[in-house]
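See below for the structure under consideration.
Residue numbers (my numbering): 50 to 166.
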């Protein structure tokens, strides 16, 4: 069983920055998880991929995140980060961490990000 715990959300003004963290339970090395990703879900909308990073370091961003968000991984601390800059009101959502082993997908509980105009 893999547990994912997000933190770092909050209220920020337009143009501000936040760094989200996703701590992976120590029962499994983050390197053994094929892909770690951040998704977000705004009220009344579907959950969408924001950014992902594979176990070999391949990174992918949604168009909305390119140039503003950076996903990274700290293998020693079993943690994945999402650095968000130049935040916009449309970035307001609950952000979820996801880990996919190739057999099972795990989700965190989510962290709220609110960007005020």
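Where a beta carbon is used, it is the ideal one built from N, C-alpha and C, also for glycine.
Ends of the beta strand (DSSP E) at residue i?
i: residue 162; result: 160-165
i: residue 54; result: 53-56
i: residue 117; result: First-last for residue 117: undefined, no H or E at that position.
i: residue 59; result: 59-62
i: residue 100; result: 97-103
Tell me the DSSP secondary structure of residue i in three-state form.
i: residue 112; result: coil
i: residue 81; result: helix
i: residue 72; result: strand
Looking only at its chain, what residues have a beta carbon closer than 8 Å to the beta carbon of residue i, apart from the 5 residues adjacent to it on each side?
i: residue 138; result: 63, 164, 165 and 166
Consider the Cβ of residue i: report whether some Cβ of chain C lies at a distance smaller than 8 Å.
i: residue 86; result: Note that chain C does not occur in the displayed structure, where there is just one protein chain.
For residue i, which residues in the same chain have their Cβ closer than 7 Å to its Cβ, ignoring the five residues on either side in sequence?
i: residue 77; result: 51
i: residue 157; result: 53, 54, 55, 71, 145 and 146
Whole-angstrom Cβ separation of residue i and residue j, contact assumed at under 8 Å?
i: residue 143; j: residue 85; result: At roughly 17 Å, the Cβ-Cβ gap does not stay under 8 Å, so residue 143 and residue 85 are not in contact.
i: residue 150; j: residue 109; result: Not quite, the Cβ-Cβ distance comes to about 18 Å (not below 8 Å), so this is no contact.
Less than 6 Å between C-beta atoms, sequence neighbours within five positions excluded: which residues of the same chain meet that for residue i?
i: residue 90; result: 96, 142 and 143
Q: Let me know the alpha helix (DSSP H) ranges lying completely inside the region 125-159, each 4 residues or longer, listed in chain order.
A: The qualifying runs do not exist here; there are none.
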